[in-house]
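Worksheet: one structure, shown below.
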Amino acid sequence: MSDALADWKPDVLGVEGQVLPVVTAPAGVLSSAGAEVDPADPAIVQLAADLVATMRVSPGCVGLAAPQVGVGAQVFVVDVTEHPKTVTAHGTFVLCNARVVEASRWRPGREGCMSVPDLTGDVKRAGRVVVEAVLPGTGEPVRLTTDAFEARALQHEIDHCAGKLFLDRVAGAHAVYQRKVYL
Amino acid sequence: MNELAITVIGPDRTGIVADVSEALAGLGANLSDSTMTRLRGHFAMTLICTGAAADDVEKALAPISGLLATVRAVAPEADTDAAGEPYLVSVHGADRLGIVAAVTRVVAAAGGNITDLTTRLTGPLYVLIAEVDVPPGSADDLAVRLAVAAQELGVEVTLRRAESDVL
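Next up, the structure:
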């Protein structure tokens with residue numbers, strides 16, 4: 001099943017992605033659980049392409065979930081390839097209806113979010129996860145094992161799809177920071 | 001031991017901590033617990049000191065430029081029972097009057113003791129993170145009451161166990 005992900009490229013979606021405006025907190029869509037989607041639905045395929053396009057024009061962006069472009073759906077894109085904290089990377093990929101099925105090696109790390117542009121926070125995340133999901137378009141099931149920064153990004157995006165922000169998981173009263181530089 | 005509670009606040013500038021701690025050291029005042037942080041351009045210090053008289057500290061801090069200081073003698077910490085279970089409360093949503101008041105009232109009514117709390121306002125977004133000692137067995141009930149309060153305020157709230165791994 002993981003081969004499906006290795007071969008996956010955004011152009012298999014077969015539609016042109018549009019850059020969408022990114023929604024910031026407080027916005028209701030960011031705090032509501034997204035709906036499970038039909039990965040074959042043309043609207044979901046278009047959404048997948050739009051997420052890729054929007055991520056690509058956003059400097060430093062390593063992942064973007066549907067609620068962040070105002071759509072309450074369990075779809076997100078991740079691409080951590082260029083990030084220095086990355087160990088394992090699977091390139092650019094879009095997942096639908098993703099679930100974390102195994103999580104271990106919990107460790108803290110500082111994270112930010114395009115939807116909370118002025119703050120960052122220390123959040124404990126699993127450094128190794130197994131995620132199950134389906135691919136947009138084909139609906140092919142994938143089971144993805146990853147670690148380090150890609151694991152963190154996946155958990156952050158899956159949280160978005162469940163209506164959670166990193167603010168809901170910060171490690172303490174002094175674990176939220178005013179962001180000093182914009183990437 | 002003579003214990004003092006001191007607060008200092010003023011427009012942020014270079015050298016506030018150095019000026020204040022130097023004045024305290026000059027009086028033989030020993031700085032024990034403190035928090036010092038910048039809040040919207042104001043630098044705020046809250047300190048507990050021992051070993052100096054309140055009047056002397058007041059006189060030493062008064063000439064430091066731009067700062068408002070308060071000093072008072074306090075009773076040393078009583079032995080507290082730390083029977084509560086540590087939890088974290090996150091609240092975020094559109095800024096409005098009374099978020100902190102409503103949320104902390106719910107916590108207090110449940111017997112929860114707030115041990116640390118930070119708020120941030122960035123643009124329209126208000127964020128509150130609190131560390132709370134919750135009476136054993138009452139967290140589920142508190143979570144329900146917080147959810148009700150949050151719905152009334154139109155904000156999001158989560159209550160979760162604070163982790164502390166002893167190594």
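As you go down the protein sequences, you meet chains A and B in turn. Read in order, the letters of the first sequence are residues 1 to 183 in full-length UniProt numbering. Read in order, the letters of the second sequence are residues 1 to 167 in full-length UniProt numbering. The beta carbon of each residue, even a glycine, is placed where N, CA and C say it ideally should be. Quick caveat, the model's predicted, so the values are computed rather than measured.
Please name the residue, chosen from A:Gln68, A:Val170, A:Val101, that lies closest to Glu111 of chain A on a Cα-to-Cα basis.
Residue A:Val170 holds the alpha-carbon nearest to the alpha-carbon of Glu111 of chain A among A:Gln68, A:Val170, A:Val101.
Reduced DSSP secondary structure (H/G/I, E/B, other) of Gln74 of chain A
Looking at Gln74 of chain A - three-state DSSP - the assignment turns out to be coil, as it is neither helix nor strand.
DSSP three-state call for Ser31 of chain A: helix, strand or coil?
Judged by DSSP in its simplified three-state form, Ser31 of chain A adopts helix.
Segment limits, beta strand (DSSP E) that includes Asp116 of chain B
Segment 113-122, the beta strand (DSSP E) holding Asp116 of chain B.
Selection from A:Gly63, A:Leu144, A:Gly137, A:Val94 that minimises the alpha carbon distance to Val101 of chain A:
Relative to the Cα of Val101 of chain A, the nearest Cα in the group A:Gly63, A:Leu144, A:Gly137, A:Val94 belongs to A:Leu144.
Is there a Cβ of chain A sitting closer than 8 Å to that of Val71 of chain B, yes or no?
Between Val71 of chain B and chain A, the shortest Cβ-Cβ separation is not below 8 Å.
Skipping 5 residues on each side, what residues in its chain have a beta carbon closer than 8 Å to that of Ser32 of chain A?
Hits under 8 Å: Pro67, Gly72, Gly163.
Could you give the DSSP three-state label for Tyr182 of chain A: helix, strand or coil?
For Tyr182 of chain A, the pLDDT reaches just 47, beneath the cut-off of 50, and the residue's location in the model is therefore unreliable, although a value from the coordinates is still provided. Three-state result, Tyr182 of chain A: coil.
Is it a yes or a no for the stretch 51-67 of chain B touching the stretch 121-139 of chain B, going by three-plus beta-carbon pairs under 8 Å?
Not touching, per the Cβ criterion.
Beta carbon of Ile6 of chain B, beta carbon of Phe43 of chain B: below 8 Å?
No, these two residues do not count as a Cβ contact at 8 Å.
Run down chain B in chain order and give the residues with a C-beta less than 7 Å from the C-beta of residue 184 of chain A.
In the structure displayed, chain A extends from 1 to 183; residue 184 of chain A sits before or after that span and is not available.
Would you check if the distance between the CB atom of Pro10 of chain A and the CB atom of Cys96 of chain A is smaller than 8 Å?
One thing to note: Pro10 of chain A has its Cβ no nearer than 8 Å to the Cβ of Cys96 of chain A.
So, does the CB of Pro26 of chain A fall closer than 8 Å to a CB anywhere in chain B?
The Cβ of Pro26 of chain A sits closer than 8 Å to at least one Cβ of chain B.
So what does DSSP say about Cys161 of chain A, is it helix, strand or coil?
In the three-state reduction of the DSSP assignment, Cys161 of chain A falls in the helix class.
Could you run through the stretch 123-141 of chain B and flag, in chain order, every residue whose CB is less than 7 Å away from some CB of chain A?
Per Cβ criterion, the list reads Gly123, Pro124, Leu125, Val127, Ile129, Ala130, Glu131.
Expected contact under 8 Å - CB spacing of Gly10 of chain B and Leu68 of chain B to nearest Å
Gly10 of chain B to Leu68 of chain B, Cβ: 6 Å. Contact.
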